[in-house]
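The opening residue of the sequence shown carries number 44 in the working numbering; numbering runs sequentially from there.
Report on the following structure.
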Amino acid sequence: MTNYFKMAYRNLGRNRRRSILSGLALAMGTGLLMFVAAFFEGEIRSSMETTLRLESGHIQVRAADYDPDKLSVAWEYLIENPNQVAVQLEALDQVQTATPRLYASGIVSVQDDSVGVQIIGVVPESPANDPFRNLVSGEFVTADDREGIVIGFPLAESLGLNVGDQLTLLVNTSEGNVDEQNFTVRGIFTTGTTSYDKGIVFLPIAKAQAFFRRG
Numbered sequence: 044m045t046n047y048f049k050m051a052y053r054n055l056g057r058n059r060r061r062s063i064l065s066g067l068a069l070a071m072g073t074g075l076l077m078f079v080a081a082f083f084e085g086e087i088r089s090s091m092e093t094t095l096r097l098e099s100g101h102i103q104v105r106a107a108d109y110d111p112d113k114l115s116v117a118w119e120y121l122i123e124n125p126n127q128v129a130v131q132l133e134a135l136d137q138v139q140t141a142t143p144r145l146y147a148s149g150i151v152s153v154q155d156d157s158v159g160v161q162i163i164g165v166v167p168e169s170p171a172n173d174p175f176r177n178l179v180s181g182e183f184v185t186a187d188d189r190e191g192i193v194i195g196f197p198l199a200e201s202l203g204l205n206v207g208d209q210l211t212l213l214v215n216t217s218e219g220n221v222d223e224q225n226f227t228v229r230g231i232f233t234t235g236t237t238s239y240d241k242g243i244v245f246l247p248i249a250k251a252q253a254f255f256r257r258g
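Here's what the structure looks like:
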């Protein structure tokens, strides 16, 4: 084994310039590979943190029969007492905040323009909504608001909407019917993540429950 090391050392010493260039090339290649790996790891981590912050949270609690792929979900497939479940979860030391949310697919319509959106019914005062309180204009909806809606800046821009303007929201109700209702834009938010801002609208959860259950 010692002889092999001696031979390798002699070979390196025969042409030092070549050896130095080879070493530099190897070091640069390794450094570049490490940089690219760290970059992609950072991008993946950032994407995960964005999803946790804006969408799912660390844990979602759902009824056993809930199917998130359905456009319309029968009411019996939802959690029966979501507020009580949220209170129980928030009592745990490991939980910073817990809040009920109600999701539905719908269409925002303004005159001849229509855009598909995800409608989220939220408890307005919950800290879980803080990422969406960065408002370009207007204000966030309140718990007792029955006609207000909050939309993202790209959506407002594409439909020419401002605070105080009206839009029509179409949804598939829990009975499988299509229902529509007019809402007034209370606020326009931005998270800096266009994919969320252009495709999500918020209603107070009490209004969302009444709206989605009709029909």
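Virtual Cβ for every residue (Gly too), placed ideally from N, Cα, C.
None of these values were measured; they are calculated from a predicted model.
- As far as DSSP is concerned, THR142 takes part in no beta bridge.
- In the three-state DSSP reduction, GLU84 falls in the helix class (H, G or I).
- When the alpha-carbon of ILE162 is set against those of LEU145, PRO197, MET77, GLN224, the nearest one is in LEU145.
- No Cβ-Cβ contact shorter than 7 Å links VAL165 with PHE255.
- Taking C-alpha positions only, SER65 is separated from GLY72 by approximately 11 Å.
- When DSSP states are grouped into helix, strand and coil, SER169 belongs to the coil group.
- By the Cβ criterion, the region 186 to 193 is in contact with the region 225 to 239, since at least three pairs of Cβ atoms, one from each stretch, lie closer than 8 Å.
- When DSSP states are grouped into helix, strand and coil, ASN126 belongs to the helix group.
- If you draw a straight line from the Cα of VAL151 to the Cα of GLU133, it is about 34 Å long.
- Rounded to the nearest whole angstrom, the CA to CA distance from ALA171 to GLY235 is 17 Å.
- Per DSSP, reduced to three states, the secondary structure at LEU121 is coil, with no helix or strand assignment.
- In the DSSP assignment, GLN252 falls within the alpha helix (DSSP H) that extends over 248 to 256.
- Taking the CA atoms as reference points, PHE82 sits about 43 Å from GLY207.
- Residue range 221 to 232 is occupied by the beta strand (DSSP E) that includes THR227.
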